[in-house]
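Residue 175 in this note's numbering sits at position 177 of the sequence shown; the count goes up by one each step and never skips. Each residue gets a CB set at the ideal place from its N, CA and C atoms; glycine is no exception. A quick note: this is a predicted structure, and the numbers were derived from the prediction, not measured.
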Amino acid sequence: MAGSSVDTPSGVTDPAGAARGYRPSGTMPFAAEFRRQASRRRTQLALGFMVLLPLIILIAFQFDSGGDDDNGRNEFSSLVELATSGGLNFTLFSIFVSASFLLVVVVALFCGDTVASEASWGSLRYLLAIPVPRARLLTVKLVVALAYSGLALLLLAGTALLAGTLRYGWSPLRSTVAAELEPTEGLLRLLAVLGYLAVVLLVVAGLAFLLSVTTDAALGAVGGAVLLWILSSILDQITALGALRDFLPTHFSTAWLGLLSTPVQTDDVVRGCISAICYATLFWGLAFWRFTRKDITS
-1 MAGSSVDTPS GVTDPAGAAR GYRPSGTMPF AAEFRRQASR RRTQLALGFM VLLPLIILIA
59 FQFDSGGDDD NGRNEFSSLV ELATSGGLNF TLFSIFVSAS FLLVVVVALF CGDTVASEAS
119 WGSLRYLLAI PVPRARLLTV KLVVALAYSG LALLLLAGTA LLAGTLRYGW SPLRSTVAAE
179 LEPTEGLLRL LAVLGYLAVV LLVVAGLAFL LSVTTDAALG AVGGAVLLWI LSSILDQITA
239 LGALRDFLPT HFSTAWLGLL STPVQTDDVV RGCISAICYA TLFWGLAFWR FTRKDITS
């Protein structure tokens, strides 16, 4: 009879043909995937390096002889001089030297290694056979990858702030683009910088995730995302491109410096957020479209 359950030798199914009690939303829990990724060596090494980097910089400053004649020629050198004037300034320096490459690599690693690694191990088809719906598998893996990317950013900034404050004290935030900011306001500015960087890095996350569902080579997905980001950065330096540079995903990647200025410059920050969200949404949409239609053979 139409609409009734069908008795089968293996059990009872619902009208849709699924086993009674089966809930797609109950498969592949977020917590289980989070713990699984936490046990992987690449996760431990990546997060460990986020903690280690500020300590390496701190130790390196102890060997500074003060005889570098090149200091003071550009913004980077100015930040080096200011980095030892307080914990907030040390945190700002750590973010500055990490934002353009290191954080890009870490985010690409977490998001590019999601699906491609499962395919390379031959376990992807078994996950789908449990069965885990394809859209849910992608959603859980993407959310976990973004969670670890955010955790890496927080570990870098948190370790730098703690180590810098213990070593250099709790002092006002100084920069080359703003007047001296009181510690409380300086901390809020740094939090705003971290928030903006997190949004900008969504582009890297989206691109790496798209490549991850396209290839079975995790290294190719990670490396491809990093190389395309570098290529965009190079093209952004070519002034002959004119207004076309505004559409490059890296064009507003350094707009966070405006959050440190007096008064705060938010025009490019807003444009950067809109650009990053649009690119990330496009890449994620293509990733879901591609993965839900491809044949899984590995």
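Per DSSP, residue 243 is not a residue of any alpha helix (DSSP H), being assigned neither H nor E.
Distance check between residue 196 and each of 83, 251, 265 places 251 closest, using alpha-carbon atoms only. The bridge partners DSSP lists for residue 171 are 179. With respect to the 7 Å criterion, residue 231 and residue 248 are classified as neighbours on the basis of their beta carbons. In this structure, residue 211 places its C-beta atom within 7 Å of the C-beta atom of residue 288. Excluding sequence positions up to five before and after residue 234, its CB lies within less than 7 Å of the CB of 243, 246, 248, 249, all in the same chain and listed in chain order. Three or more Cβ pairs closer than 8 Å define a contact, and the region 111 to 119 falls short of that threshold against the region 181 to 190. Residue 130 sits in coil when the DSSP states are folded into three classes, being neither helix nor strand. By the Cβ-count criterion, residue 37 is exposed, with fewer than 16 other Cβ atoms from all chains shown falling within 10 Å of its own Cβ. Per DSSP, the continuous alpha helix (DSSP H) segment holding residue 57 begins and ends at 39 to 59. The residue among 140, 241, 82, 130 with its C-alpha nearest the C-alpha of residue 164 is 82. Contact annotation: residue 191 and residue 150 have beta-carbon atoms that are not nearer than 7 Å. CA-to-CA, the gap between residue 275 and residue 102 works out to about 16 Å.
In chain order, 110, 111, 114, 115, 118, 210 place their CB closer than 8 Å to the CB of residue 216, counting only its own chain and leaving out the 5 sequence neighbours on each side. One alpha carbon belongs to residue 57, the other to residue 189, and they sit about 25 Å apart. Assigned with DSSP and collapsed to three states, residue 291 falls in coil, not helix or strand.
Taken atom to atom, the span from the alpha-carbon of residue 206 to that of residue 200 is near 10 Å. For the pair residue 106 and residue 220, the Cα-to-Cα distance works out to about 5 Å. Residue state for residue 235 is assigned as coil, using DSSP reduced to three classes. Annotated three-state conformation of residue 259 is coil, per DSSP.
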